[in-house]
Each structure stands twice: as C-alpha cells, then as structure tokens.
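Participant:
Protein chains in written order, with my numbering: chain R, 1 to 111; chain Z, 1001 to 1112.
Laid out in structure tokens, this is it:
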C-alpha cells in the first residue's frame, strides 16, 4: 500500500525568506503523480504544484518548486520569497489509482 | 468557469441518523472523489465516481455510499451515523480519473 510521510508537523519562516517542506512516500509503482496542496484556515484545499513521476525535470510554479528524487522516493516543496498569505497547512499527496495524503505540515509565515 | 461547490457547509446530526452531502463538479469534469478529513489529519479517500460508476473505494464501511448523476454532480450518503463520522468531508472533481483533482470548500459534519 502506498503511504505518504510528512515528518515536519510545524514549521515557521520569516516573510521574504525561503522554506522547504519535506515529503517521502512508499510505492512499488513506477508511473504515478505527486502533488502539494495548500489548505488555509478557510479550509478549501488549493493545488500548489503537480509532478509526473515519468518526468525528470522538477516542476515549478512561480515561487513554488519541487525537488523530486524518484529513487529516494522524496518530494520536497520549496517556497521562495515567503508571503504572509502562504500561511496554511500543506499536504503532500501521491496518486496512482487513488490519492493518498500525508498528515500535513503547518507553515506559519512571520512578518 | 464555476469551481467545485458543496452543500451544505455545516451540518449537525445525532448518532444513528442518516446524512446526504452534495457536490457539484467543475465544468467539463467527469470524475468526483470524496474524502473524509478528521481534525488535524490529512484527507482519507472514501471513493471515486467516474462517468456515473464507482471507480475505486478506500477503507470505509458499506454505510458510506455514493451516487454520480448524468451531469456528473455527486452525493455522499452515510447511514447509521457514529460519533467518529464527525469530520470535514471534501469533494474533488477532475477531468478524468487520473487527472489533477480540484477541491470544493467541504462540508463540516458534527455527530452528537
């Protein structure tokens, strides 16, 4: 069974600085998808970034980028130039037939 | 383009009752997935509907059931409610069963 582990329950970062959130997963499959979702206190889950496992190039979306290490089964999220609006729960998710989520990392951006 | 919507936003039920939660998928999407998110945890997959057929189910008992309609909207039904069913229920739609899922705002269910 696929599992997703986020080892950092909470993190904080100063506004304008860079922070990296960690995620590891376990699977025997070779073709799958990985996601980072953000859930602000308003509770709506918002897609941050998506990575296809068959692509070697790391995905980027503006200030958000990932470090995808397929052999190590690692998928970290880097947030550059952190903004107050980045404060939220961040969930790493693995999708093969269905989607499995990690327990989340609570990120606080401090002014 | 309308995003994913869910109703109601909040609901209070008592143990043993039945509840129906509703989800309207994003325009052009034919797949709906349902998740249960307990407080302080990540979402847990309940089931997925693809073109009106169940297309996968997580580790939830049969009292959790669903439907998808021809317009691809969906319902989640929970019978014989238990206290542990108290959670945020999230619906997500996608353009196909393995495509990116876009979430609705959720329904907060409290079982007393």
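We treat Cβ as the ideally placed atom computed from N, Cα and C, and that holds for glycine.
Mark residue 1007 of chain Z as exposed unless 16 or more other C-beta atoms lie within 10 angstroms of its C-beta, in which case mark it buried.
Facilitator: Residue 1007 of chain Z comes out exposed.
Participant: Which residues mark the beginning and the end of the beta strand (DSSP E) in which residue 1013 of chain Z is found?
Facilitator: First-last of the beta strand (DSSP E) with residue 1013 of chain Z: 1010–1013.
Participant: Which residues, in chain order, does the segment 1023–1034 of chain Z contribute to contact with chain R at a C-beta distance below 9 Å?
Facilitator: So the list reads 1033, given in the order they occur along the chain.
Participant: Are at least three pairs of beta-carbons, each pair with one atom in the segment 94–107 of chain R and one in the segment 1009–1020 of chain Z, less than 8 Å apart?
Facilitator: Too few Cβ pairs lie closer than 8 Å, so no.
Participant: The segment 1040–1061 of chain Z: which residues have C-beta closer than 9 Å to a C-beta of chain R, in chain order?
Facilitator: Hits within the stretch, in order: 1040, 1041, 1042, 1043, 1044, 1045, 1047, 1048, 1055, 1056, 1057 and 1058.
Participant: So what does DSSP say about residue 1106 of chain Z, is it helix, strand or coil?
Facilitator: Coil.
Participant: So if DSSP puts residue 100 of chain R in a beta bridge, which residue, or which two residues, is it bridged to?
Facilitator: Answer is R/94, bridged to residue 100 of chain R.
Participant: With residue 1077 of chain Z as the anchor, note down where its beta strand (DSSP E) starts and where it stops.
Facilitator: Residue 1077 of chain Z -> beta strand (DSSP E) spans 1074–1078.
Participant: Taking a contact to mean a Cβ-Cβ separation below 8 Å, would you say residue 1109 of chain Z touches residue 1087 of chain Z in this structure?
Facilitator: Cβ atoms of residue 1109 of chain Z and residue 1087 of chain Z: closer than 8 Å.
Participant: The ligand NAD and residue 63 of chain R: does the residue's C-beta get closer than 7 Å to at least one heavy atom of that ligand?
Facilitator: The ligand NAD is not among the ligands present in this structure, which contains no ligands whatsoever.
Participant: So, for residue 1 of chain R: in the same chain, excluding its five sequence neighbours on each side, which residues have a beta-carbon less than 6 Å away from its beta-carbon?
Facilitator: Counting only Cβ-Cβ distances below 6 Å, and skipping sequence neighbours, we find nothing.
Participant: Residues bridged to residue 1088 of chain Z by DSSP?
Facilitator: Paired residue(s): Z/1037 and Z/1108.
Participant: Answer yes or no: do residue 1136 of chain Z and residue 1060 of chain Z have a C-beta to C-beta separation smaller than 8 Å?
Facilitator: Shown here, chain Z extends from 1001 to 1112; a query on residue 1136 of chain Z therefore has no answer.
Participant: Taking the DSSP output, what are the residues bridged to residue 22 of chain R?
Facilitator: Partner(s): none; residue 22 of chain R has no beta bridge.
Participant: Note down the Cα distance separating residue 1035 of chain Z from residue 81 of chain R, rounded to an integer number of angstroms.
Facilitator: One C-alpha to the other measures close to 32 Å.
Participant: Starting from the beta carbon of residue 44 of chain R, find every residue of chain Z whose beta carbon is closer than 8 Å, and list them in chain order.
Facilitator: Simply 1103, 1104, 1105 and 1106.
Participant: Would you say residue 68 of chain R lies against chain Z (beta-carbon separation less than 8 Å)?
Facilitator: Not an interface residue.
Participant: To the nearest angstrom, report how far apart residue 45 of chain R and residue 1042 of chain Z are at their CA atoms.
Facilitator: Between residue 45 of chain R and residue 1042 of chain Z, the C-alpha separation is close to 11 Å.
Participant: Does the beta-carbon of residue 12 of chain R have 16 or more other beta-carbons within 10 angstroms, so that it is buried, or is it exposed?
Facilitator: So residue 12 of chain R ends up on the exposed side.
Participant: Using three-state DSSP, classify residue 1083 of chain Z as helix, strand or coil.
Facilitator: DSSP places residue 1083 of chain Z in helix when its eight states are reduced to three.
Participant: Alpha carbon to alpha carbon, what distance is there between residue 1111 of chain Z and residue 14 of chain R?
Facilitator: Rounded to whole angstroms, residue 14 of chain R to residue 1111 of chain Z spans 39 Å at the Cα level.
Participant: Going by beta carbon distance, what residues of the same chain come within less than 8 Å of residue 49 of chain R, once the five residues before and after it are set aside?
Facilitator: Closer than 8 Å at the Cβ level, and outside the excluded window around residue 49 of chain R, lie 35, 36, 59, 60, 61, 64, 65, 66 and 77.
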